[in-house]
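Asker:
2 protein chains.
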Amino acid sequence: MTDITQIRAAAERGRGHLRRTPLLSSPFLDEIAGRRVLVKAECLQHTGSFKFRGAWSALSALSPEVRARGVIAYSSGNHAQGVALAAKLHGTSAVIVMPKDAPALKIANTRAYGAEVVLYDRAGEDRDAIGQEIATRRGLTLIRPYDEPMVIAGQGTSGLEIAEQAAEAGVTRADVLIPCGGGGLSAGVALALEAVAPGLRVRPCEPQNYDDTARSLRAGERLSNATMATSLCDAIVTPMPGQITFPVQQRLSGPGLVVTEEDVLRAMALAFQRLKIIIEPGGAVGLAAALFHGAEIAGEAVICIASGGNVDPEIFLRALQLPES
Amino acid sequence: MTDITQIRAAAERGRGHLRRTPLLSSPFLDEIAGRRVLVKAECLQHTGSFKFRGAWSALSALSPEVRARGVIAYSSGNHAQGVALAAKLHGTSAVIVMPKDAPALKIANTRAYGAEVVLYDRAGEDRDAIGQEIATRRGLTLIRPYDEPMVIAGQGTSGLEIAEQAAEAGVTRADVLIPCGGGGLSAGVALALEAVAPGLRVRPCEPQNYDDTARSLRAGERLSNATMATSLCDAIVTPMPGQITFPVQQRLSGPGLVVTEEDVLRAMALAFQRLKIIIEPGGAVGLAAALFHGAEIAGEAVICIASGGNVDPEIFLRALQLPES
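Protein sequence lines correspond, in order, to chains A and B. Under full-length UniProt numbering, the first residue of the first sequence is numbered 1, with each subsequent residue one higher. Under full-length UniProt numbering, the first residue of the second sequence is numbered 1, with each subsequent residue one higher.
1. Could you list which residues in chain A have their beta carbon closer than 7 Å to that of K276 of chain B, in chain order?
2. In the DSSP output, what is F40 of chain A paired with across the bridge?
3. Would S307 of chain B pass as a contact of S253 of chain B if the rule is Cβ separation under 8 Å?
4. Determine whether the beta carbon atoms of R69 of chain A and P99 of chain A lie at a separation below 8 Å.
5. From D101 of chain A to P179 of chain A, what does the alpha carbon distance come to, in whole angstroms?
6. Measuring only between beta-carbons, confirm whether A112 of chain B sits less than 8 Å from chain A.
7. Locate the beta strand (DSSP E) running through D263 of chain B, then write down its first and last residues.
8. Beta carbons nearer than 7 Å to chain A: which residues of the stretch 201-233 of chain B have them?
9. Would you say F52 of chain A and L85 of chain A are within 8 Å of each other, going by their C-beta atoms?
10. So is S325 of chain B buried or exposed if we call it buried at 16+ other beta carbons inside 10 Å?
11. Would you report the Cα separation of G131 of chain A and K40 of chain A, rounded to the nearest angstrom?
12. How would you call T172 of chain B, buried or exposed, if buried means at least 16 neighbouring beta carbons within 10 angstroms?
13. Out of B:A112, B:D30 and B:R36, which has the shortest C-alpha to C-alpha gap to D30 of chain A?
14. Alpha carbon to alpha carbon, how far is I279 of chain B from P255 of chain A?
15. Quick one: is A92 of chain A buried, meaning 16 or more other Cβ sit within 10 Å of its Cβ, or exposed?
16. Buried or exposed for M1 of chain A, please, with buried defined as at least 16 other CB atoms from any protein chain shown within 10 angstroms of its CB.
17. Would you list the residues sitting across from P207 of chain B in a DSSP beta bridge?
18. Looking at R36 of chain A and A288 of chain A, is the spacing between their C-beta atoms short of 8 Å?
19. On the DSSP bridge list, what partners appear for R201 of chain B?
20. Can you give me the Cβ contacts of G188 of chain B inside the same chain, cut-off strictly under 6 Å, excluding the 5 residues immediately before and after it?
21. Does the CB of L193 of chain A have a neighbour CB from chain B at under 8 Å?
22. Of all Cβ atoms in chain A, is any one closer than 8 Å to the Cβ of S325 of chain B?
23. Just to check my reading of the structure: H293 of chain A and V264 of chain A have Cβ atoms closer than 8 Å, yes? What is that Cβ distance to the nearest angstrom?
24. According to DSSP, is E148 of chain B part of a helix, a strand, or is it coil?
25. Using the C-alpha atoms, what's the distance from E262 of chain A back to P323 of chain A?
26. Taking only beta carbons into account, state which residues of the stretch 11-25 of chain A come closer than 8 Å to chain B, listed in chain order.
27. Would DSSP call S325 of chain A helix, strand or coil?
28. Between the C-alpha atoms of Q321 of chain A and R222 of chain B, what's the straight-line distance to the nearest angstrom?
29. Are the C-beta of P313 of chain A and some C-beta of chain B separated by less than 8 Å?
30. Taking Cβ to Cβ, would you say C43 of chain A is nearer than 8 Å to I315 of chain A?
31. Ignore the nearest five residues each way along the sequence and tell me which others in L140 of chain B's own chain have a CB closer than 8 Å to its CB.
32. Quick check on the burial criterion: 16 or more other C-beta atoms within 10 angstroms. Buried or exposed for G220 of chain A?
33. Could you tell me which whole alpha helix (DSSP H) segments of length 4 or greater appear in the stretch 219-251 of chain A?
34. Beta-carbon within less than 8 Å of L142 of chain B's beta-carbon, same chain only, minus the 5 sequence neighbours each way: which residues are those?
35. For the beta strand (DSSP E) containing L89 of chain B, list its first residue and its last residue.
36. Around the C-beta of S224 of chain B, are 16 or more other C-beta atoms found within 10 angstroms, so that it is buried, or is it exposed?
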């Protein structure tokens with residue numbers, strides 16, 4: 001299991017390579033939320049999402065010999081870009097298995113970072129099986145998107161930064177709202193905060209109809225989503241909570257929060273107007289919960305992670321063209 | 001005159017109040033520019049532009065008695081918001097003289113920060129005269145947007161950060177492309193860099209038809225713009241270079257760079273796609289020059305300041321809807 005020592009080691013390996021993303025705020029958002037809102041802008045991380053942290057951690061932890069043979073990953077897009085760039089910067093090759101319906105921008109970027117892209121059908125095929133088969137046949141190391149201790153350690157580095165930045169802002173007790181797919185970011189940040197900022201508690205956030213983590217936390221066991229159809233929040237749609245990540249979430253997380261697609265689009269528009277950052281739908285569920293689900297949150301301040309910014313312009317236009325409410 | 005001691009003092013007074021904005025980059029932008037491009041994201045500063053630095057510096061330098069009587073400023077928008085928020089945070093009042101045709105968002109924000117807004121006609125009235133008259137009548141301190149040593153010192157704090165962040169990125173020799181209106185940011189950053197990073201040289205950037213600084217630098221004297229009609233780049237349209245700022249630019253700046261409105265919109269779209277930040281047109285002229293005027297720049301790296309992000313959605317949509325080129 002990942003622990004704080006591994007998270008600190010991942011931060012050390014990432015020094016000079018990971019970007020320390022800012023913790024942003026706006027009095028206008030505070031007013032909407034009814035409390036201070038601090039936004040960790042992971043959309044400003046290299047490749048436009050926190051996933052670069054986990055990818056860098058995993059690649060940098062491999063022995064030079066194993067790394068030189070190349071890596072493989074499957075991803076709806078952000079893990080893909082993270083692994084592709086981390087592989088390129090380590091001078092090795094990457095194969096990325098991506099769903100055919102992933103945002104065009106993410107597929108194009110993954111190729112542009114030098115990776116070989118293999119497309120699959122999200123509805124009918126099992127990406128884990130495809131990934132394992134190619135890995136075995138070609139001698140590549142499979143880097144799973146969340147059920148992978150070194151990836152979780154890498155995501156946890158964001159938690160170390162949050163603890164420091166929140167303390168600088170005078171916040172030591174607050175919920176930390178985290179967009180949650182497989183739970184790698186939530187688990188990594190929760191493990192980091194447990195060790196360095198125990199007054200900060202992770203709460204996973206999900207879009208309606210894809211709230212497997214919130215339901216699983218209530219039920220005390222891993223439950224699946226009823227649908228895997230395409231969601232506006234594609235980046236955080238996974239079949240069910242991770243095998244490694246879920247026990248961490250059970251032990252350390254507060255209740256899940258669930259938001260609507262309209263909440264998400266409004267949060268994206270407010271991030272445009274007030275923070276000057278681009279958040280993709282899946283990356284905006286935490287901010288959406290902070291702004292529009294305040295009754296389910298306690299305390300004078302709330303922290304949320306804006307976990308990614310890789311959104312096609314057409315979707316972003318939908319957010320900007322919402323009527324003022 | 002402003003000197004490095006005053007800039008360092010402004011940074012000290014701003015500790016815990018000014019946001020240290022990140023220096024961003026993307027391999028995709030490097031490829032377009034043909035060299036490394038480092039982007040100082042001042043659009044992420046409080047109030048969405050670097051102007052908060054100068055406003056905080058000026059307000060915090062006043063004696064408590066003078067400050068308590070209130071301040072007044074004139075501005076097309078970003079200085080307005082900076083002074084309004086800095087006044088509010090210092091517990092004093094602000095009157096802001098703004099052009100009637102300033103972006104709706106900037107006028108609304110200035111009022112929302114608690115300031116009293118007085119509108120004037122950009123074509124027919126002299127904002128300096130209006131500001132001075134109200135200041136005298138009501139006993140307020142006028143905080144000029146650029147011809148004001150404490151404001152220039154505040155803007156210079158961005159230069160101190162650039163010097164440190166560029167050195168961390170391994171860049172010690174480069175041009176620093178800065179959106180230029182009255183020249184407060186260019187002058188402040190140039191004075192900071194002269195002292196702490198002499199290998200970095202400021203080059204002011206302007207939109208076509210509003211290139212008073214570029215022409216003035218060539219002519220060796222302050223020249224006016226032929227027109228003061230509304231520009232896409234409203235934030236950096238001023239009648240002519242500043243009285244205090246221009247001699248600094250003459251001594252320290254390289255030649256000015258001039259970009260088209262289409263360059264600006266394309267730079268905004270690329271910042272959306274590759275950096276995940278919102279840049280307003282006037283704030284994007286430096287990035288536009290870095291990306292599309294590379295032949296006028298030397299060196300293996302270039303730094304540019306994205307000076308503000310306060311753009312109405314309608315204008316931003318124009319950038320996103322540009323045909324791919």
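Quick reminder that beta carbons are idealized off the backbone N, C-alpha and C, glycines included.
Answerer: This is what the structure holds:
1. From the beta-carbon of K276 of chain B, the residues of chain A found nearer than 7 Å are C43, L44, G48, I277, I278 and G309.
2. The residue asked about is misnamed: residue 40 of chain A is Lys in this sequence, not Phe. Checking the DSSP bridge columns, you'll see K40 of chain A partnered with A:L23 and A:I305.
3. Contact: no.
4. No, Cβ-Cβ distance for R69 of chain A and P99 of chain A is not below 8 Å.
5. Take the alpha-carbon of D101 of chain A and the one of P179 of chain A: they are about 21 Å apart.
6. It does; some Cβ of chain A falls within 8 Å.
7. Segment E261 to L270 is the alpha helix (DSSP H) holding D263 of chain B; no beta strand (DSSP E) there.
8. The residues in question: there are none.
9. Yes, the Cβ-Cβ distance between F52 of chain A and L85 of chain A is below 8 Å.
10. Residue placement at S325 of chain B cannot be trusted, given a pLDDT of 49 that sits under 50; what the coordinates show is reported in the next sentence. Here S325 of chain B is exposed: its Cβ has fewer than 16 other Cβ atoms, across all protein chains shown, within 10 Å.
11. Taken atom to atom, the span from the alpha-carbon of G131 of chain A to that of K40 of chain A is near 32 Å.
12. Counting the other CB atoms within 10 Å of its CB gives T172 of chain B a total below 16, which places it among the exposed residues.
13. Taking the Cα of D30 of chain A as reference, the smallest distance to any Cα among B:A112, B:D30 and B:R36 is reached at B:A112.
14. Computed Cα separation, rounded: 37 Å.
15. According to the sequence shown, residue 92 of chain A is Thr rather than Ala. Under the 10 Å beta carbon count, T92 of chain A is surrounded by 16 or more other beta carbons and is classified as buried.
16. When all chains shown are included, M1 of chain A counts as exposed.
17. In DSSP, P207 of chain B forms a bridge with B:V259.
18. For the pair A288 of chain A and R36 of chain A, the CB atoms are not nearer than the 8 Å cut-off.
19. Looking at the DSSP assignment, R201 of chain B forms a beta bridge with B:D175.
20. Take G188 of chain B, set aside five residues on each side of it, and the residues of its chain with a beta-carbon closer than 6 Å to its own are I152, Q155 and G156, in chain order.
21. Answer no: the Cβ-Cβ gap between L193 of chain A and chain B never drops below 8 Å.
22. No answer about S325 of chain B holds up, because its pLDDT of 49 lies below 50 and its placement is not dependable.
23. Contact between H293 of chain A and V264 of chain A fails: their C-beta atoms lie close to 12 Å from each other, not under 8 Å.
24. Of the three classes helix, strand and coil, the one that applies to E148 of chain B here is coil, per DSSP.
25. If you draw a straight line from the Cα of P323 of chain A to the Cα of E262 of chain A, it comes to about 11 Å.
26. Going along the stretch 11-25 of chain A in chain order, one finds G16, R19, R20, T21, P22 and L24 with a Cβ nearer than 8 Å to chain B.
27. The predicted model places S325 of chain A with a pLDDT of 49, which falls under 50 and marks its position as unreliable; any figure quoted below should be read in that light. Note: S325 of chain A maps to coil in three-state DSSP.
28. One C-alpha to the other measures close to 43 Å.
29. With 8 Å as the cut-off, P313 of chain A counts as an interface residue toward chain B.
30. No. Outside cutoff.
31. Once the five neighbours on either side are set aside, the close Cβ partners of L140 of chain B are R69, G70, V71, I72, V95 and I134.
32. So G220 of chain A ends up on the exposed side.
33. Listed in chain order, the alpha helix (DSSP H) elements of length 4 or more contained wholly in the stretch 219-251 of chain A amount to none.
34. The answer, listed in chain order, is V71, I72, A73, G131, Q132 and A135.
35. Taken as a continuous stretch (DSSP letters only), L89 of chain B belongs to no beta strand (DSSP E), being part of the alpha helix (DSSP H) at N78 to L89.
36. Sixteen is the threshold: since fewer than 16 other Cβ atoms of the shown chains lie within 10 Å of the Cβ of S224 of chain B, the residue is exposed.
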